[in-house]
Amino acid sequence: MCATAVTAEFGARQQRRRRRTEVESSSGKDKLSESATGWSAWASALHFIATYQSQFHLSSQTSLPSQHTKIISLFHSPNTMSNKPTFFVNASTSSPEKAKVFYTALGFTPAEWCDVPTTKALTLPAPNENICLMIHAVDCFKKFIPPDATIADTAKTNETLLTIAVNSRDEVDALLAKAVAAGGKSDPYTMKDHGAEMGMYVRSFTDLDGHLWEAFFMEWQKAE
24 MCATAVTAEF GARQQRRRRR TEVESSSGKD KLSESATGWS AWASALHFIA
74 TYQSQFHLSS QTSLPSQHTK IISLFHSPNT MSNKPTFFVN ASTSSPEKAK
124 VFYTALGFTP AEWCDVPTTK ALTLPAPNEN ICLMIHAVDC FKKFIPPDAT
174 IADTAKTNET LLTIAVNSRD EVDALLAKAV AAGGKSDPYT MKDHGAEMGM
224 YVRSFTDLDG HLWEAFFMEW QKAE
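The numbers in the sequence shown follow my numbering, run straight up by one, and end at 247.
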């Protein structure tokens, strides 16, 4: 399916969905969350299509390479729609394939619908499966930021801090051990007593590209 056809279909579906939402709202049925999920899915699909067109110098009348049609197929499939991530974290990497191996070792799940040379998608471990990490090669990542912006050099500065909540202190330590075994660095910074005075247990690590992560457990959860 070419990008023009997908764009037209998206517009038609959006109009039908808007009309259906109005009818259901007037009858007291709350279908807004379903409508939002469907819109988000199609918006994400178009986002990827535009990126691949630019990357592979495709015209609007050119069919996408077969490996990229998997992305469109996912959003067409009713079997996977309900399991789609709802929050996406995007990061750059010097090697998408090595980054995929690193995060898979941490328990992330690779997404078949986006596994191409320049971009890898992985969902976070339970209970955070609704969050998806999108890892882009540097040249690909630049397509998503302002043209005059620069990508942070993680050796000199910090662009963000990504935090994962887990269910016990042991899980915090286990995640750190996996990160180190996969080539990451543990505890680039350490809170006093690992955050005990704030009622939590926190440790940090960096991935192969220097992106900073935390794993933490709230101590009050022990009482639950």
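By construction, the Cβ of each residue, glycine as well, lies at the ideal position given by its N, Cα and C atoms.
Which same chain residues end up closer than 6 Å to residue i when comparing Cβ atoms and leaving out the 5 residues on each side of it in sequence?
| i | result |
| --- | --- |
| F164 | S115 |
| A160 | P119, T141 |
| A175 | E182 |
| G207 | F228, T229, D230 |
Output the boundary residues of the alpha helix (DSSP H) element that contains residue i.
| i | result |
| --- | --- |
| P287 | Absent from the model: residue 287. The displayed extent of the chain is 24 to 247, so no value can be given. |
| Y126 | 119–128 |
| E194 | 192–204 |
Beta-carbon within less than 7 Å of residue i's beta-carbon, same chain only, minus the 5 sequence neighbours each way: which residues are those?
| i | result |
| --- | --- |
| F111 | C155, M157 |
| K121 | L231 |
| T177 | D232, G233, H234 |
| P108 | T146, N153, I154, C155 |
| M214 | V225 |
Under the DSSP definition of a beta bridge, which residues are partnered with residue i?
| i | result |
| --- | --- |
| I187 | A238 |
| H159 | S115, T142 |
| I154 | F110 |
| K166 | Paired residues: none, contrary to the question. |
| K208 | T229 |
Where does the unbroken beta strand (DSSP E) through residue i begin, and where does it stop?
| i | result |
| --- | --- |
| K143 | 142–146 |
| V224 | According to the sequence displayed, residue 224 carries Tyr and not Val. First-last of the beta strand (DSSP E) with Y224: 223–229. |
Take residue i and list the residues in its own chain whose beta-carbon comes closer than 8 Å to its own, dropping the five residues that flank it on each side.
| i | result |
| --- | --- |
| P211 | S227, F228, T229, L235 |
| L185 | V112, H234, L235, W236, E237 |
| G218 | Y224, V225, F239 |
| L127 | As written in the sequence, residue 127 is Thr, which differs from the Leu given in the question. Closer than 8 Å at Cβ, skipping near neighbours: P133, L145. |
| I19 | One cannot answer for residue 19 here, as it falls past the ends of the chain, which runs 24 to 247. |
| E242 | A219, G222, M223, Y224 |
Any heavy atom of the ligand COA closer than 7 Å to the beta-carbon of residue i?
| i | result |
| --- | --- |
| K143 | You won't find the ligand COA in this model; it holds no ligand whatsoever. |
Legend entry - Three CB pairs or more closer than 8 Å across the region 189–198 and the region 134–144: no
Inset, instruction - Flag this pair as touching only if the region 146–153 and the region 201–214 have three or more C-beta atom pairs under 8 Å; answer yes or no. - result: no
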